[in-house]
Structure formats: structure tokens, C-alpha cells
């Protein structure tokens, strides 16, 4: 059974950093691109970024709203995807989800974790 | 990228059909067949309901169907059931390995 479990969320001050993790199980993690998405309280979903599989160079892409502040990485030996959040702003407060991309060059997410809440205080 | 445009709410009675629209541009919805739809119940993670405009993942009832015309995609839920009451989000590939979502539609089963 495919499972994605996010962790590492919490309360952090604006301007500081935080790293959240997505631990995967039930599939060969290294074969899949992974994505991070977020949802601010009471708001809609927002795509944050992708990391492709190592076969495709483990390249990353980011939404304009987080480009230069957030970094996605992966450790295939541990089946974990990371999201490093730097220079946090209050508007980054959200539940952060990881999602699995089903195949290369596909742009939807067929499995999601339950999310981890990041709260940025002023 | 700008968010896709969805109506904030939709409703229907049990057994009826309801259609939710998702309007973008030729740079996203109209330019690619990569529209997907997600269902989200309160406090839960989103669930993929439709991908690549019309395709249903295994386990999703055939009451859910997707379509696209020009820059507007649509999700139709036929034979509405109480458990279909949820928020629905569309998303689309927007070029350069990026994805854009709609603002979401709250579906109420009357």
C-alpha cells in the first residue's frame, strides 16, 4: 500500500527556516517524481514544486511564490523527500502536502500524504 | 501563473447531476490535455478523481466524468450522493514543468 507521511511542521518566526519531510513506503520511491503542495487555512490548493527522479536528473521546479526561498531535495536511500523553507513569511502558513507523480512528464498527483502544518508568526 | 477560475459553490439534490467549471487560458487548460480534478473532504487530504481531462483512476465511481472545451474544463457528478459533498479543485499543467490550481468549488448536496 502506498503511503506518504509528512512531518516536521510547527510554529516558526518570520524570517527563520524549517525543513519538512515526506517519508514514503509501499513503492520504489526512487522511480518517481515527487511534489510539494500547500493549502493555507481556509484557502485553496497551491502547487509548490517538483523534484524529478534521479533517472531524470533529480531536477527541481518551483512556483514563482517560493522560488529562491524553498528547496526540494530527496534521499532515495531513505525514501524521503524534503522541503527546506527559508526566509519564511506569514503568508507561508499552510498545511504542506507531498504528492506522488505517477509517471514521468505527468502533471497530476495520484497519492497524497495527510499533510503537516507550518505556522509562521510575526 | 494565475489561478484557474472555479465557481465558489455548486449544489444539487440527491440523484441529480451537477457540473463544475474550471476556466483558464491557452497557456494552461486550453494548451494541454493535463487537467485533473481533486476531491477534498474537510480535514482530509485531496483525492484524485479525474486526470488528463477525462480519465478516472481505479476506484473512482463512473458517476464522475471530465471534459474540456477550449480554455474551460468541466467536472460532472451524476447521480449525486450525500458523500459527494466536498470541495473540488481543478488543476492544469501550465508549461515549463509547472502546475496551477483553481480556487476550489464547494459542492453541497441538498
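Residue numbers (this note's numbering), protein chains in the order written: chain Z, 302 to 423; chain P, 177 to 286. Glycine is no exception: its CB is placed at the ideal position from the N, C-alpha and C atoms.
Can we say the stretch 178 to 193 of chain P touches the stretch 325 to 333 of chain Z, given the rule of at least three CB pairs closer than 8 Å?
-> no
Going by beta carbon distance, what residues of the same chain come within less than 6 Å of residue 265 of chain P, once the five residues before and after it are set aside?
-> Indexing the second chain from 1 puts residue 265 of chain P at position 89. Counting only Cβ-Cβ distances below 6 Å, and skipping sequence neighbours, we find 214, 277, 278, 280.
Keeping to the same chain, check which residues put their C-beta closer than 6 Å to that of residue 204 of chain P; ignore five residues upstream and five downstream.
-> Within the second chain, residue 204 of chain P is the residue found at index 28, counting from 1. Within the same chain, residue 204 of chain P has close Cβ partners 268, 270, 276.
Just reading off the beta strand (DSSP E) that residue 238 of chain P is part of, what are its end residues?
-> By 1-based counting over the second chain, the position of residue 238 of chain P is 62. It is not in any beta strand (DSSP E) - residue 238 of chain P carries neither H nor E in the DSSP assignment.
Give a yes or no on whether the minimum CB-CB distance between residue 341 of chain Z and chain P is below 9 Å.
-> For the purposes of this step, residue 341 of chain Z is identified with residue 40 of the first chain, where counting begins at 1. False, the Cβ-Cβ gap to chain P never drops below 9 Å.
So the beta strand (DSSP E) residue 304 of chain Z belongs to, where does it begin and stop?
-> Against the first chain, residue 304 of chain Z aligns to sequence position 3. That run of the beta strand (DSSP E) goes 304 to 308.
Would you please state the rounded distance, in angstroms, between the beta carbons of residue 283 of chain Z and residue 333 of chain Z? I believe it to be under 8 Å.
-> Chain Z is shown from 302 up to 423; residue 283 of chain Z falls before or after that span and cannot be answered.
Using a C-beta to C-beta distance shorter than 7 Å, which residues of chain Z count as neighbours of residue 224 of chain P?
-> Counting from 1 along the second chain, the entry for residue 224 of chain P is found at position 48. The contacting residues are 409, 410, 411.
Quick one: is residue 336 of chain Z near chain P, going by C-beta distance under 9 Å?
-> Within the first chain, the letter at position 35 stands for residue 336 of chain Z. Taking Cβ atoms only, chain P reaches closer than 9 Å to residue 336 of chain Z, which makes this a yes.
Are the C-beta of residue 346 of chain Z and some C-beta of chain P separated by less than 9 Å?
-> Sequence index remark: in the first chain, residue 346 of chain Z carries index 45 (1-based). Residue 346 of chain Z counts as touching chain P.
In whole angstroms, what is the alpha-carbon distance linking residue 206 of chain P and residue 407 of chain Z?
-> To locate residue 206 of chain P, count along the second chain from 1; it is residue 30. To locate residue 407 of chain Z, count along the first chain from 1; it is residue 106. So the alpha carbons of these two residues sit roughly 17 Å apart.
Beta-carbon proximity of residue 310 of chain Z to residue 319 of chain Z, cut-off 9 Å | The sequence position of residue 310 of chain Z within the first chain is 9, counting from 1. The sequence position of residue 319 of chain Z within the first chain is 18, counting from 1. Taking 9 Å as the Cβ cut-off, residue 310 of chain Z and residue 319 of chain Z qualify as a contacting pair.
Please list, in chain order, all residues of the same chain as residue 412 of chain Z whose beta carbon is under 7 Å from its beta carbon, the five residues on each side excluded.
-> Indexing the first chain from 1 puts residue 412 of chain Z at position 111. Closer than 7 Å at the Cβ level, and outside the excluded window around residue 412 of chain Z, lie 303, 305, 400, 401.
Of all the CB atoms in chain Z, is at least one closer than 9 Å to the CB of residue 244 of chain P?
-> To locate residue 244 of chain P, count along the second chain from 1; it is residue 68. No, its Cβ sits nowhere closer than 9 Å to a Cβ of chain Z.
Residues of chain P with CB under 9 Å from residue 428 of chain Z, in chain order?
-> A question about residue 428 of chain Z goes unanswered here, because the residues of chain Z that appear run from 302 up to 423.
Can you pull the chain P residues whose beta carbon is under 7 Å from the beta carbon of residue 398 of chain Z, in chain order?
-> In the first chain, the residue the question calls residue 398 of chain Z occupies position 97. Within 7 Å Cβ-Cβ: 221.
Check the DSSP bridge columns for residue 417 of chain Z and list the partner residues they point to.
-> Position 116 of the first chain, counted from the first residue, corresponds to residue 417 of chain Z. Z/397, per the DSSP bridge assignment.
Spell out the partners DSSP gives residue 371 of chain Z in its beta bridges.
-> Residue mapping note: residue 371 of chain Z aligns to position 70 of the first chain, counting from 1. Beta-bridge pairing links residue 371 of chain Z to Z/386.
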